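Q:
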Amino acid sequence: MRKISYAAAIVEALRTSLAEDPRVSLVGSYVLGLGPKRVLMDPIRAEFPDRIYDPPTSEAAVVSVGAGAAMAGARPFVDIGTASFSYVGWSPLVNEAAVARHMSNGTLRVPVVYHMLHGLRGGGAAQHSHSPQAMLWNAAGLEIVQPSSPYDVKGLLRSAIKSDNPTVFVNHARLMDIEGDVPEGDYTIPFGRGDIKRPGRDITVIATSFVVHAALGAAETLAAEGIDVEVFDPRTLVPLDQDMILESVSRTGRLVVADETNLNCGIASELSAIVAEHGFKLLRAPIARVARPNVPTPFSQPLEQAITPNAAKICDAVRRTMAWT
Amino acid sequence: MTTKALDRQTSLSIFERMLMIRHFEEAVIQLYKQGRFVSHYHIYIGQEATGGAVLEALGEKDLICTTHRNHGHIIGRGCDPNRAMAEILGRATGFNGGRSGTLHICDSNRGFLSTSAVVGGCAGLATGAGFGLKVKREPQVAVGFFGDGSLEEGLVIECFNIAALWKLPVVYVCENNSSGAIGPQQGGYPTAITATDSFTRLPAAYGIHCLKVDGTDMGAVYTATVEAIRRCRPGNGPVFIEAFTTRWPGSSPLWPELATVTDLNDAWDPARITGPHADWIRRHDPLLRAARELVATGHASRDELLARDRDARARIATAANFAIESPMPTPASVYDHVFA
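Chains as they are written, first to last, in our numbering: chain A, 33 to 357; chain B, 30 to 369.
This is the structure in structure tokens:
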């Protein structure tokens, strides 16, 4: 199969969606971030000049406009840019888009996609490094997607744009250059279905987004030590493939959860709680979490590295868990 | 008296909407006093000419977004008062199965977007609806109702910018009901806290066409709305209407009070109006004003209006009974309708 970059896979999904459905429009167009891959958006701009709207720097209004347009029957893909700025649009996100379906007793649909680039990207410091997906998971009514591979991002983005629900689509700036196998044809990946990125017998490592790659690196290191790691990527938080998580833990009996959201009330915390609550008997050791500590993200590289969930920290957590008696 | 400009059918249709709103709201307060529902709530009395006339001017497929003070827009649009009242009482038969309550009633079959009780939220959704209409190349307009307090929210100002930039078919209807409000210093409900001396300066800064009208004058509101729709339907961009009303004394306290009770005969016999709020009834009650003008212009007789009044009261009494007798939703249904 041909290999293309994660960024190119996003562009293919956007292009197919725009060509397929005239109700789809892009509001904001820095979907690929500000890195060199951004030029991959140029052909889309050229092909659909009247379908791409570059809005003013008004995140609250832009999020709100996306929600209202979706209620009126359009299917906007709204790019918020750096995920830290989504907080400016928090009220329409959690107070309008997320709740309209329920408040209307199922009579309104809100088919909008909110796209944002999250995470520790190198020098983003405290205001350009946030991973707000755990906070959004705490608000009922939003589908949350965070792919980790070019194949997944293409299929999941196609599903997100076809979805009749408000969907938060979280990409990581550092994923953009990653290459992988991607079919040329159109396909979708259903929400709520996780993926085993590396099968293993001894321990399950659940990882999300860019941290999946750290977990795969850790698994290689640990394989040399005789520890066979299974790396599981839930791909979507809402809906969550809880069955597959428990199935993996039932085979390995040990769990490490590695993720870039903050430790307190983060993704690792919620996934750990789910396994502890529903799979206590499956566990042969306490669950370990590798997450971002609860400090504002610092700028200087040694400081940023100190709080970044990486392969070395995942290796340490796995070794501790394997050694627990 | 701009009611002269309206034909008989239009002015009576607006009056009908106003009557239904008025009696609905009086019934809501009584039901609250009887302990039939919990929650803070907001009453539309005093603004009926604005809602009634704007909704008269709208087409069947136009889109509407309203606020915590939505009862008047729901009833004024002609939505089923039984289901609206049932929603306020949290019943399974309500428009939203008891999920929205008084603050968020939504009848999506009549063009309502999600009703936002977040101040200014509806302006954003209405702007988005305008964007949706533009994307879909549909000829409708989106109307966003909100109070003057919404102009204290940054999101609304941002939306003016976007709607003007993209020439969206949005009619912003700012119902300025701050006149006569007592505000928190006197223990009343909050009212405008702003440094501007004119709210239209804000949309006007973005080149948005602005109209100011007396919100108790149904003819003026109707004429302004028709002009606004005529301008924005063909793609000339948004219009902002500011409709001024004097706060109904019952909406001045923190919790609504039935401060005045409507008697249509007062319209023609001001001498019989007494009590602490006689001035509001004589000078600022839009329903009595409309009744006076309908008779003065020869569009209707007193008896005809009184008969319509009795009929509206009866329909609202039916709605209240329907709501009271309707079942509550079952707890097991709480997980329904989170996702499509």
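Think of the CB as a built atom: it goes at the ideal place given N, C-alpha and C, for glycine as much as any other residue. For clarity, every value in this text was computed on a predicted model and none was experimentally measured.
According to the neighbour-count rule (16 or more other Cβ atoms, all chains shown, within 10 Å of its Cβ), is V281/A buried or exposed?
A: Under this definition V281/A is a buried residue.
Q: Would you list, in chain order, the members of the segment 176-204 of chain B that have their beta-carbon closer than 8 Å to a beta-carbon of chain A?
A: Listed by position along the chain: G183, L184, E187, C188, N190, I191, L194, W195.
Q: For T274/B, count neighbouring C-beta atoms within 10 Å of its own C-beta (all shown protein chains included) and say buried if the count is 16 or more, exposed if not.
A: Buried: at least 16 other Cβ atoms inside 10 Å.
Q: For H102/B and chain A, any beta-carbon pair shorter than 9 Å?
A: So, not an interface residue.
Q: What does the alpha-carbon distance come out to for the pair R139/B and D91/B?
A: Taking the straight line joining both Cα atoms gives about 9 Å.
Q: Looking only at C-alpha atoms, which of R286/A, A99/A, I319/A, D260/A sits nearest to R174/A?
A: Here residue 174/A is Leu; the residue named in the question, Arg, does not match the sequence. For L174/A, the nearest C-alpha among the options comes from A99/A.
Q: So, does the segment 135-144 of chain A touch the segment 111-127 of chain A, judging by three or more C-beta pairs under 8 Å?
A: Contact between the segment 135-144 of chain A and the segment 111-127 of chain A is absent, because fewer than three Cβ pairs lie under 8 Å.
Q: Using DSSP with H/G/I as helix, E/B as strand and the rest coil, what is H46/B?
A: The residue asked about is misnamed: residue 46/B is Arg in this sequence, not His. Of the three classes helix, strand and coil, the one that applies to R46/B here is helix, per DSSP.
Q: How would you write the range of the alpha helix (DSSP H) that K313/A sits in, first residue to last?
A: From DSSP, K313/A is part of no alpha helix (DSSP H); its letter is neither H nor E.
Q: According to DSSP, is Y201/B part of a helix, a strand, or is it coil?
A: In the structure shown, Y201/B sits in a strand (DSSP, three-state: E or B).
Q: Flag Y146/A as yes if its beta-carbon sits less than 9 Å from any beta-carbon of chain E, otherwise no.
A: Any reference to chain E falls outside this structure, whose protein chains are A and B.
Q: Give me the Cα-Cα distance between G154/A and R230/B, rounded to the nearest whole angstrom.
A: Cα to Cα, G154/A sits roughly 44 Å from R230/B.
Q: Are at least three pairs of beta-carbons, each pair with one atom in the segment 68-85 of chain B and one in the segment 243-261 of chain B, less than 8 Å apart?
A: Cβ pair count under 8 Å is three or more, so yes.
Q: When you compare each of S179/B, D365/B, P358/B, F351/B to G127/B by their alpha carbons, which one comes out closest?
A: For G127/B, the nearest C-alpha among the options comes from P358/B.
Q: Which of the three DSSP states, helix, strand or coil, is assigned to I176/A?
A: In this structure, I176/A counts as strand in the three-state DSSP scheme.
Q: So S398/A and I221/A are in contact, right, with Cβ under 8 Å, and what is the actual spacing, rounded?
A: Within the shown structure, residues of chain A are numbered from 33 to 357, placing residue 398/A beyond reach of any answer.
Q: Taking C-beta pairs closer than 9 Å, name the residues in chain A that D365/B reaches, listed in chain order.
A: Within 9 Å Cβ-Cβ: H134, N137, G138.
Q: Since I believe W277/B is in contact with G75/B (beta carbons under 8 Å), could you give me their beta-carbon distance rounded to a whole number of angstroms?
A: 3 Å between Cβ atoms; contact.
Q: Would you tell me roughly how many angstroms separate the C-alpha atoms of R230/A and K313/A, rounded to the nearest one?
A: Those two C-alpha atoms are separated by around 24 Å.
Q: What in chain A is Cβ-close to H133/B, meaning under 7 Å?
A: In chain order: M135.
Q: Rounded to whole angstroms, what's the CA-CA distance from A356/A to L50/A? Just pull it up for me.
A: Note on residue identity: the sequence assigns Trp, not Ala, to residue 356/A. Between W356/A and L50/A, the C-alpha separation is close to 52 Å.
Q: In three-state DSSP terms, what is M33/A?
A: M33/A: coil per DSSP, three-state reduction.
Q: Is the separation between the beta-carbon of I42/A and that of L58/A shorter than 9 Å?
A: Not a contact, by the Cβ cut-off of 9 Å.
Q: If you measure beta-carbon to beta-carbon, which residues of the segment 38-55 of chain A are closer than 7 Å to chain B?
A: The residues in question are R55.
Q: Hey, R283/A and T236/A: beta-carbon distance below 9 Å or not?
A: Yes, they are a contact pair.
Q: Alpha carbon to alpha carbon, how far is K194/A from K69/A?
A: Taking the straight line from one Cα to the other gives about 25 Å.
Q: Please classify I4/A: does DSSP put it in a helix, a strand, or coil?
A: The first residue shown for chain A is 33 and the last is 357, placing residue 4/A beyond what the model contains.
Q: Looking at chain B, is there any beta carbon in it that lies within less than 9 Å of the beta carbon of E302/A?
A: Closer than 9 Å: no.
Q: Any C-beta of chain A sitting closer than 9 Å to the C-beta of N125/B?
A: Cβ-Cβ to chain A under 9 Å: yes for N125/B.
Q: Go to H134/A, then tell me how far its alpha helix (DSSP H) extends in each direction, as first and last residue.
A: First-last of the alpha helix (DSSP H) with H134/A: 132-135.
Q: Taking 9 Å as the CB-CB limit, is P143/A close to chain B?
A: Chain B, which has a Cβ nearer than 9 Å to the Cβ of P143/A, makes this yes.
Q: Hey, would you say V199/B sits closer than 9 Å to I270/B, going by beta carbons?
A: No; because the gap between Cβ atoms is not below 9 Å, this pair is not in contact.
Q: Could you name the residues of the same chain whose beta carbon sits closer than 6 Å to that of I93/B, not counting the 5 residues immediately before and after it, in chain order?
A: Closer than 6 Å at the Cβ level, and outside the excluded window around I93/B, lie G140, F141, V172.
Q: Can a CB atom of chain A be found closer than 9 Å to the CB of T220/B?
A: No, T220/B does not count as interfacial toward chain A.
Q: At which residues does the alpha helix (DSSP H) containing K69/A begin and terminate?
A: No alpha helix (DSSP H) contains K69/A, which DSSP labels as neither H nor E.
Q: Taking Cβ to Cβ, would you say T34/B is nearer than 9 Å to T96/B?
A: According to the sequence displayed, residue 34/B carries Ala and not Thr. Cβ atoms of A34/B and T96/B: not closer than 9 Å.
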